[in-house]
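This report concerns only the one structure given below.
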Amino acid sequence: MSAALTEILAGLRLPEKMISPKYLYDERGSQLFDEITHLPEYYPTETELGITMDNMPEICDLIGKRASLIEYGSGSSRKTRALLDSLQQQAVYVPVDISEDHLLLSAEKIRSEHPGLEVLPVVADFTRPFDLPDPTIMPLRNIVYFPGSTIGNFTNDVAQELLGFMYQEAGTDGALLIGVDLQKDPAIIERAYNDSAGVTAQFNLNMLTHLNREIGFDFDVSSFTHSAHYDTDEGRMEIRLISEKSQVVTIGDEHIEFDDGESILTEYSHKYTLEGFAKMAELAGFAVRKVWTDADELFSVQYCVRP
Ligand code: SAH
Ligand code: AVI
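To get my numbering, take the position in the sequence shown, counting from 1, and add 4.
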């Protein structure tokens, strides 16, 4: 049995069924996520891009010259493009992503836009140990870049562990530049995950299509529906797929039973207070040095150093 199948079956056998959000991202999932980032309801991408552009000179000063930019979950590298256009004498860009075709295509685009820049894509699950490539020119420092508030897709203990890996990766003189979505009126947040065009629903349901094709499940995708609610106590979106009938899903000799209305948890998206994120970063070893937000304090970009 493959490691992926073992992991997915273990999640489907929990009292509350769950599947890791990393399975949202095959080629189609990455395209759908790109569509989400252009939706009027999905405020995080445009807001983070705006914050980054508005504070570009200061961000570039903090990053400095000849840095290595290591991006976790780079996707289409939209914000990174803005950064790379402004940074001077950038040594190397290392985008890390699990969605292979999408990553390689984005890396190729960046290579053609920045002929002098060494671009070294890494296909990896960043929640597991992975090797980073050796750049041709030795960088002066490592900047770990983690935009999009992808940190919010992990429970606090896993997020803290992930920040701990990034602390190691940054090294003594390095830093972390991270996008962190903020707590706000729950109606704004819920709208972002229940868009009127139904793209987020397609993105969520595509996970099952992905698992049918890649792993060999026989999910009847049309019998599941998208659900996304904000839990104010936990400060997070909880995104699920709901089985609209009682059914049995099969893979090989394995059978997973669903009651009518039973759900699979596919994603959390935590929203933070500035204090809450600072505490988590501190527990991983970082000190938050600089926080930039938009005027409405919807989103933040934070620069964290090793104290
Ligand atoms: N950074 C981009 C994309 C965010 S979407 C932005 O800010 O818009 C999240 C990205 O992380 C996707 O490209 C997805 O493929 C990648 N991803 C999610 N889980 C991952 C994992 N465990 N390992 C590696 N990449 C992952
Ligand atoms: C990648 N991640 C930060 C997105 C989010 O907002 O949690 C994924 C997403 N899921 C539904 N819409 C967007």
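Cβ coordinates follow ideal geometry from the N, Cα and C atoms, glycine included.
Going by alpha carbons, who is nearest to ASN157 out of PHE223, ASP263 and SER273? The shortest Cα separation from ASN157 among PHE223, ASP263 and SER273 belongs to SER273.
With DSSP as the reference, identify every bridge partner of TYR307, one or two as the case may be. LEU181 and LYS294
Ends of the beta strand (DSSP E) at ILE114? The continuous stretches of beta strand (DSSP E) do not include ILE114, which lies in the alpha helix (DSSP H) extending over residues 104–117.
Could you check which residue in GLU286, SER90 and SER247 has the C-alpha nearest to that of LEU269? SER247
I need the DSSP call for TYR197, collapsed to helix, strand or coil. In the three-state reduction of the DSSP assignment, TYR197 falls in the coil class, being assigned neither a helical nor a strand state.
Residues in its own chain within less than 6 Å of SER80 by CB, not counting five upstream and five downstream? ASP38 and SER110
Where THR51 falls: helix, strand or coil (DSSP): helix
What does a CB cutoff of less than 6 Å around TYR197 pick up in its chain, not counting 5 residues either side in sequence? THR204, ALA232 and MET241
Can you pull the DSSP bridge partners for PRO99? GLU75
So, under 8 Å CB-CB, PRO4 and LEU107 are touching, yes? Tell me the CB distance rounded to an integer number of Å. Outside the displayed span of the chain (5 to 311) sits residue 4, for which this structure offers no information.
Find the nearest neighbour of ARG312 within the set GLY265, GLY152 and ASN208, judged by alpha-carbon distance. Residue numbering for the chain in the displayed model covers 5 to 311; residue 312 lies beyond these limits and cannot be assessed.
Is the beta carbon of TYR29 within less than 8 Å of some heavy atom of the ligand SAH? yes
With a cut-off of 8 Å, do at least 3 Cβ pairs link the segment 212–231 to the segment 36–54? Taking one beta carbon from each stretch, the segment 212–231 and the segment 36–54 have fewer than 3 pairs nearer than 8 Å; the two do not touch.
Looking at TYR171: is its Cβ nearer than 9 Å to the Cβ of LEU73? no
Pair every Cβ in the segment 140–155 with every Cβ in the segment 182–191, then say whether three or more of these pairs are closer than 8 Å. yes
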